[in-house]
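Asker: Quick note: the sequence shown, position 185, residue 185 per full-length UniProt numbering, numbers continuous.
One structure coming up, written as structure tokens, with questions to follow.
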Amino acid sequence: MVFRAVRKAAGLSQQRFAELIGITQQMISLVERGERNLRDVLHVAQLATALRIPPHLLGFGTESGNLDPNREVSRVERRDFLSIVLGITMSSTLQPDIARLSEMLPAHTDSVRRRRIGVADAEAIENMADWLRQTGKAQGGGVIHSSALAQLQAVRSFDDALCTEEVRARVDLAIGYLAWIAGQATWDMQGLDQAEQLWLFALNRAKRAEQLPRSTDLTTVVLNEAAFQTLREPRDRSSQARSALRLVEHGFNVANTNLHGASASMRAELYSSRALCHAQLGNADRCHDSLNMEGETFATIHPDTVPPWARHITEAEIAARRAYAMGLLARNQPAFVPIAIEQLDAVVNDPNLTYASTRAFHLTNLSELYIRGGDLDVGMRIGQEAIAAISGLSSRQGRNRLQGIADAAEPYAAKSSDMAQLRTEVHAAVHDTQT
């Protein structure tokens, strides 16, 4: 009865409800008639996310998974993030303070304790992480933030369960994958300090599972994620680019020296981020060299070797990254403005992009470039498209990126009512508290 009432209150048909949760319409009918129960944790999380049900109401936690603010938060703030990364990824044995990262996320006290776990449990965590990643990419990190943290807390109870060494390694790797996604969502909601802790936690789990070939890929993707988000921090762009580049270069070191080499997919990702770092530093030649290496490496990818978190990378997504690099170069080198505009314009009109969030991200860059170049009419039109696209995502970081449009329009606002209006619309979107 409750299940049916929830569905009807949401105004959804059985078929639409089934699509949102990822099960069949027949299963919905059986549950509503009391003939079956919804037990799969993935389906429960999808239900919670689709209907915005707070995780604690489903027994996942009393909060949205916050870390202990008096313990490891201050530890990461006091120490250089890169030095901790190096300690985790390069040391043959974990140091005591680094090992305590595994305790950052206390298992929820109401979690069901498992005496024994197997391959099916690892697969369930992997499937959960896959679904959260795809949903977050498509709709923004805010949609999955609470669920991801709650799920991460819940699976911490697996640490005390009995299993074979092979299963333990796979579960560790799956939990690391989930922690990376939780960090990604946390960063999208402006929780940089907590995101870094989650990425450190993910690196720690990948280190514990280093006998598995995929562990190197997970390590490099987490390092690449941390680098990419560091690069996007608006303060002191040159300093941020240098910090990001150090993470990228360490990613290459891990890819080349770990027990198992990184896949071509992850190497292409690293070349892409290296290009972006050099672009932000104004190193045009190094940027182009890295983009060429990215293209060459991408061409060697075999579908069977692609990790699940890289399956969305297509020719269209590669083109989007190249356009982004040109946009970064254009900020300080006007000679690159025409090619940046040309490439970004092609990206935002490409129907083959994997996620709408990619288009939204680049609409912001394109509007800013048009306005700075003096083409106010086009900049205004694209800026309004960017506001609409970003507002359709649950992403605080995405909304903050809109500020670049307002900054570009500022010199024209006194004489152009359109630019003044655009700045007003950006301000409203940036400060919308509903996201």
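For each residue, glycine too, the CB sits at the ideal point set by N, CA and C.
On a predicted model such as this, the values are computed, not experimentally measured, just so you know.
Where Asn352 and Ala316 are concerned, what is the direct C-alpha to C-alpha distance, given to the nearest angstrom?
Answerer: Cα-Cα distance, rounded: 6 Å.
Asker: For Val41, does the three-state DSSP call read helix, strand or coil?
Answerer: Here Val41 scores only 48 on pLDDT, less than 50, and its place in the model is too uncertain to base an answer on.
Asker: Which word fits Leu132, buried or exposed, when buried means at least 16 other C-beta atoms lie within 10 angstroms of its C-beta?
Answerer: Classification for Leu132: buried.
Asker: Below 7 Å CB to CB, which residues in the same chain sit around Asp407 once its five sequence neighbours on both sides are set aside?
Answerer: Within the same chain, Asp407 has no close Cβ partners at all.
Asker: Below 8 Å on the Cβ atoms is my contact criterion, and I expect Leu366 with Ile382 to pass it. Report the Cβ-Cβ distance as a whole number of Å.
Answerer: That belief holds up - the Cβ atoms of Leu366 and Ile382 are roughly 5 Å apart, short of 8 Å.
Asker: Alpha carbon to alpha carbon, how far is Leu198 from Ala182? Give it in angstroms, no decimals.
Answerer: If you take the alpha carbons of Ala182 and Leu198, they lie about 7 Å apart.
Asker: Would you be able to state if there are at least three C-beta pairs under 8 Å between the segment 235–253 and the segment 191–206?
Answerer: No, the segment 191–206 does not touch the segment 235–253.
Asker: Select from Arg372, Arg208, Trp180 and Glu425 the residue whose C-alpha is nearest the C-alpha of residue 450.
Answerer: Lying outside 1 to 435, the shown extent of the chain, residue 450 is not represented and no answer is given.
Asker: Check the DSSP bridge columns for Leu291 and list the partner residues they point to.
Answerer: Its beta-bridge partners do not exist; DSSP assigns none.
Asker: Going by the beta-carbon positions, is the gap between Leu376 and Met326 smaller than 8 Å?
Answerer: In this structure, Met326 does not lie closer than 8 Å to Leu376 by Cβ.
Asker: DSSP three-state call for Leu162: helix, strand or coil?
Answerer: Note: Leu162 maps to strand in three-state DSSP.
Asker: Considering residue 450, what are the terminal residues of the alpha helix (DSSP H) in which it resides?
Answerer: Residue numbering for the chain in the displayed model covers 1 to 435; residue 450 lies beyond these limits and cannot be assessed.
Asker: Could you tell me which residues DSSP puts in a beta bridge with Arg116?
Answerer: Its beta-bridge partners are Leu162.
Asker: For Pro307, report the span of its alpha helix (DSSP H) as first-last.
Answerer: Run containing Pro307: none; DSSP gives neither H nor E here.
Asker: Here's the rule I'm using: 16 or more other beta-carbon atoms within 10 Å means buried, otherwise exposed. How should Asp432 be labelled?
Answerer: Exposed is the call here.
Asker: Alpha carbons only, please: which of Arg331, Glu210, Glu269 and Val426 is nearest the one belonging to Ala319?
Answerer: Ala319 has its Cα closest to that of Glu269, out of Arg331, Glu210, Glu269 and Val426.
Asker: Specify the secondary structure class of Met189 as computed by DSSP and reduced to three states.
Answerer: Coil.
Asker: Given a cut-off of 8 Å, decide if Leu393 and Gln211 are closer than it, judged by their beta-carbon atoms.
Answerer: Contact flag unset, no.
Asker: Quick one: grab the DSSP three-state call for Pro213.
Answerer: Pro213 falls in the coil class under three-state DSSP.
Asker: Within its chain, find whatever has a CB closer than 7 Å to the CB of Ala122; leave out the 5 residues flanking it on each side and keep chain order.
Answerer: Contacts found: Val167, Arg170, Val171 and Ala174.
Asker: Can Ala255 and Thr216 be called in contact, C-beta distance under 8 Å?
Answerer: Result yes, Cβ atoms of Ala255 and Thr216 sit closer than 8 Å.
Asker: Which term fits Gly90, buried or exposed, when burial requires 16 or more other beta carbons within 10 angstroms of its beta carbon?
Answerer: Here residue 90 turns out to be Met, not Gly, going by the sequence shown. Result: exposed.
Asker: Would you kindly report the start and end of the unbroken alpha helix (DSSP H) that includes Thr24?
Answerer: No alpha helix (DSSP H) holds Thr24; DSSP gives it neither H nor E.
Asker: Determine contact between the segment 281–297 and the segment 259–269, defined as no fewer than three beta-carbon pairs at a distance below 8 Å.
Answerer: A contact exists between the segment 281–297 and the segment 259–269.
Asker: Closer than 8 Å, CB to CB, is Ile301 near chain D or not?
Answerer: Among the protein chains of the structure shown there is no chain D, as only one such chain exists.
Asker: Please name the residue, chosen from Arg423, Asn400 and Phe336, that lies closest to Pro411 on a Cα-to-Cα basis.
Answerer: With distances taken between Cα atoms, Pro411 lies closest to Arg423.
Asker: Closer than 7 Å by C-beta to Val347: which residues in its own chain qualify, once you throw out the five before and the five after it? Chain order, please.
Answerer: So the list reads Ala319, Ala320, Ala323 and His362, once near-sequence residues are dropped.
Asker: Roughly how far, in whole angstroms, is the beta-carbon of Arg274 from the beta-carbon of Ser263, given that I think they are within contact range, below 8 Å?
Answerer: Not a contact, Cβ separation roughly 17 Å.
Asker: Quick one: grab the DSSP three-state call for Gln333.
Answerer: Coil, per DSSP.
Asker: Out of curiosity, what's the CA-to-CA distance linking Asp304 and His427?
Answerer: Near 46 Å, if we compare the C-alpha coordinates of His427 and Asp304.
Asker: Ignore the nearest five residues each way along the sequence and tell me which others in Arg214's own chain have a CB closer than 7 Å to its CB.
Answerer: Same-chain partners within the cutoff: Leu173 and Pro307.
Asker: Could you work out which residue in Ala279, Gln26 and Arg401 is closest to Asn332 when comparing CA atoms only?
Answerer: Nearest C-alpha to Asn332: Ala279.
Asker: Between Gln15 and Ser29, what straight-line distance do the alpha-carbon atoms span, to the nearest angstrom?
Answerer: The straight-line gap from Cα to Cα measures roughly 10 Å.
Asker: For Ser416, which residues in the same chain have their Cβ closer than 7 Å to its Cβ, ignoring the five residues on either side in sequence?
Answerer: Counting only Cβ-Cβ distances below 7 Å, and skipping sequence neighbours, we find Leu376.
Asker: Roughly how many angstroms separate the alpha carbons of Val41 and Ala124, rounded to a whole number?
Answerer: At Val41, the pLDDT of 48 sits below 50, so the modelled position is not reliable; the number obtained from the coordinates is stated separately. Distance between the alpha carbons of Val41 and Ala124 is about 8 Å.
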